[in-house]
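First the structure, in the form of structure tokens, and then the observations on it.
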Amino acid sequence: MTSYHHPEVRAPRASKGDGPGRAPFEGGLRPPPQDDGRAPGTVRRLAGFARTLRDNGYKVGLAETGDALAILASPAVARPSSLKPALRALFCATHSDWERFDEIFDAFWRGEGMRQRQILSGSPSESRAPARKLAEAHVPQEALGLPEHAERRSGGEEESPADGRGRREGASRVESLSTVDLRHVVNPDDIAATHALAARLARTMRARLVRREQVRRHGRRLDLRRTIHRNVSHGGTLIELAWRRRKIKPLRLVVLLDASGSMSLYTAFFVRFLHGVVDSFREAEAFVFHTRLAHVSPSLRDRDVTRAVDKLALMAQGMGGGTRIGESLATFNRWHARRVINSRTALMIVSDGYDTGEPEQLGEQMRRLRRRCRKIIWLNPLIGWRDYSPQARGMRAALPYVDLFAPAHNLESLAALEPYLARI
Amino acid sequence: MTIAREEISDKLAAVGYIADRDIATALWLMEFLKRPLLLEGEAGVGKTEVGKALAAVHGAELIRLQCYEGLDQNAALYEWNYQRQLLAIKTREGIGENADAIEEHIFSEKYLLERPLLAAIRRDRAPVLLIDEVDRADEEFEAFLLELLSDFQVSIPELGTIKATSIPRVVLTSNGTRELSDALRRRCLYHYIDFPEVDREAKIILTRTPGIDTSLALQIARMVAAVRKEDLRKVPGVAETLDWAATLAGLELHDLRQEPEAVYETMICLLKTHEDRSRVAREVSERLLGKVA
């Protein structure tokens, strides 16, 4: 166990004096803590705690665990009341880590090292650490797509004869898929193809956006300081010139996806699209909301596409129920907007606008958002339906602040967005 | 060791920083583990003050690096003194020195300008290095900072590698305008500073505002806490509270309840946007006052 110890950890004695005059390079290494005295059980439980934190999305490495052992061994934290703040400072890396820590700590140390699953299932804030829980929920694979569709097949599109379609591959089919309303994409193979298209679409968008940006990079001016520096060896005669380019920051895309019951037919598809976006834009953030708002970019950055999408699709399903768009936006404005939104941010809200909250609140929150970001795009799958007009009260309250109100019921409509994004 | 931590909190109080219990632990841990401390929190909760207080506690020098967009190594680490270099070249050419000798000469320590990061690792006694608003700097700079924080050495191509003579205590603050990299976060201990609770804020007011009476300080702290609960664009920080307390003390008020008018008018110290100002209108101000005072 001693091998876990951070080699640089010094005896705590060193900091006990008045502080000034310490010489960090001196001072012996910390003597190995009395593991024997401290029952190997402590060490094991600490390792268990580290694992629990890791399971809950904390970034805890060996170095942290080693430091934690050193803290445990120091007499300063003999009482649990001082252990908690110490471990919190060590293990937390973000504000959300910070907020969840107490709960996890209490559950673990008071609950005699109970395992992660049990903690989360009984906890009121389980949605805050959804990824892990969802991954463990063992929902059959078939449920991850759009399960409701299976029943509707008979009454569905004439375009979807049940047999043989899945095996055929080809441009024409892909082509036609891009215009089919996503509600009607039912065949698992088709679903897969649609999702692949969505991911590819997101990547193309990114590529084109970047290219357009580079064409604009012509503003050059002389970097006088570097020029002089570079020419000092020529005796100050300016021979080599150093140029300065304007650094253009890439467009940042922030997507808020409505995962409420009324959107359920589209959610799985958009989750895939989100993954594509987060994966290929250098700066992108994704949020999912229904009655609450969840920041999902970290789960989406999972290397394993299927797993990432599964996690989120499940999360979105778990979220069914009423939609509180206004409240979710308020949460976004209060906790996330400042961090994720800058003046080069396009905000994309994907929602049908059926809000069970107050439309006034939605309007107010939209007004605030409008002031922060460059463009607000509202994608509404319902626009694709015939005879749709934005009657939902929430939708009407939000509309004045929306720069682009566009359909999103099929891939083609998403692709149509790309030139618009490129102009931003 | 418990003493040492309590000692830190006593010393913080002695230098005028009223700490919550947990920050004393974090500062103690910084010493214990020799890791930098990353502080986050709303604007105005006193993140920068922690760095200053820490320097005072240890009687160490405070070296501050204010980050901004476009901050580069020239401004943060070192810079050559070009004017002097050019001058040296001209004069030495005049006396017919050869080019190699000149180059050797002009790229020596004499022509090196220390910037905060280099200064921080070249002191004989460990200073406190305060890297303020690190989220404003670019990602490239963050990566560079990470390297410096783990190796505590700097390589200057013309001069060679400079090793730290002392390891500074490093405090980083972030306002959360940009997400910091996981690597940097993991390198650091973390502490989230919240707005102080009423009692602590009252203590802060008492410490920082000379000649204010306890009851008024408490009233002010309660009032500010109530104002913070309103739906504001810019939530007033501790600095604003202190401004307001100084103003009220300057007006020689003793009881906020007696002077609702003055309270409303001086609240410009707390509310810094037109929108917030109109949100906390006269009636609202009086209502809050009724509740807290």
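First to last, the sequence lines map onto chains A and B.
Going letter by letter, the first sequence gives residues 19 to 442 in this note's numbering.
Going letter by letter, the second sequence gives residues 11 to 303 in this note's numbering.
Even glycine gets a Cβ: it sits at the ideal position worked out from N, Cα and C.
Contact annotation, A:Ala424 with A:Ile401: C-beta distance approximately 7 Å; criterion of less than 8 Å satisfied. Under a 10 Å Cβ-count criterion, A:Asp124 is classified as exposed, with fewer than 16 other Cβ atoms of the shown protein chains found around its own Cβ. B:Thr171 is a Cβ neighbour of B:Val164, given a cutoff of 9 Å. Put simply, the backbone Cα of B:Asn91 is about 13 Å away from that of B:His115.
Between the C-alpha atoms of A:Pro377 and A:Asp370 there is a straight-line separation of about 14 Å. Within the region 199 to 223 of chain B, the residues whose Cβ lies closer than 8 Å to some Cβ of chain A are Leu199, Tyr200, His201, Tyr202, listed in chain order. Annotated three-state conformation of B:Glu189 is coil, per DSSP. As DSSP reads the structure, A:Glu303 sits in a beta bridge with A:Val272. Under a 10 Å Cβ-count criterion, A:His293 is classified as buried, with 16 or more other Cβ atoms of the shown protein chains found around its own Cβ. The continuous stretches of beta strand (DSSP E) do not include A:Ala410, and DSSP gives it neither H nor E. Within its own chain, the residues whose Cβ lies closer than 6 Å to the Cβ of B:Ala29, once the five positions on either side in sequence are excluded, are Ser19, Leu22, listed in chain order.
Rounded to the nearest whole angstrom, the CA to CA distance from B:Glu207 to B:Thr283 is 24 Å.
Under the three-state reduction of DSSP, B:Ser165 is assigned to strand. Contact between the region 238 to 245 of chain B and the region 206 to 221 of chain B is absent, with fewer than three C-beta pairs closer than 8 Å. Under the 8 Å Cβ criterion, the region 190 to 205 of chain B does not count as touching the region 218 to 233 of chain B, having fewer than three qualifying pairs. For the 9 Å CB-CB criterion, A:Ser278 and A:Thr341 form a contact. When 7 Å is used as the limit between beta carbons, A:Ser369 is near no residue of chain B, the shortest such separation being about 23 Å. In the DSSP assignment, B:Tyr202 falls within the beta strand (DSSP E) that extends over 199 to 202. At a cut-off of 9 Å between beta-carbon atoms, B:Lys100 makes contact with chain A.
Note on geometry: alpha-carbon atoms of A:Leu318 and A:Gly75 lie some 13 Å from one another. Using a Cβ-Cβ cut-off of 7 Å, B:Glu103 is close to Gly253 of chain A, given in chain order. Taking the C-beta atoms as reference points, B:Lys244 is found nearer than 9 Å to B:Asp286.
A:Asn74 has a beta carbon lying at 9 Å or more from every beta carbon in chain B. Under the 9 Å criterion on CB atoms, B:Tyr27 is classed as non-interfacial with respect to chain A.
A straight line joining the alpha-carbon of B:Glu113 with that of B:Pro126 spans about 26 Å. Interface with chain A (9 Å Cβ-Cβ cutoff): B:Leu39 is included. Residue pairing for B:Trp90: DSSP places it in a beta bridge opposite B:Leu122. Excluding residues up to 5 positions away in sequence, Leu37, Val138, Arg179, Val181 lie with their Cβ nearer than 7 Å to the Cβ of B:Leu64 in the same chain. If the five residues before and after A:Arg310 are omitted, its C-beta is found closer than 6 Å to no C-beta atom of its own chain. Looking at the DSSP output, B:Gly170 shares a beta bridge with B:Ile166. A straight-line Cα-Cα distance of about 40 Å links A:Ile122 and A:Tyr419.
With respect to chain A, the C-beta atom of B:Ala109 has a partner C-beta closer than 9 Å.
Cβ-Cβ distances below 6 Å link A:Trp396 to Ile367, Val420, Phe423 in the same chain, with the five nearest sequence neighbours on each side left out; the list follows chain order. A residue is called buried once 16 or more other Cβ atoms fall within 10 Å of its Cβ, and A:Thr70 is buried on that count.
Counting only residues of its own chain and dropping the five nearest sequence neighbours on each side, A:Leu271 has a CB closer than 7 Å to the CB of Val295, Phe299, Ala302, Ala364, Met366. Contact annotation for B:Thr35 against chain A: Ser100, Pro103, Ala104, Ala107 [CB-CB distance below 8 Å, chain order].
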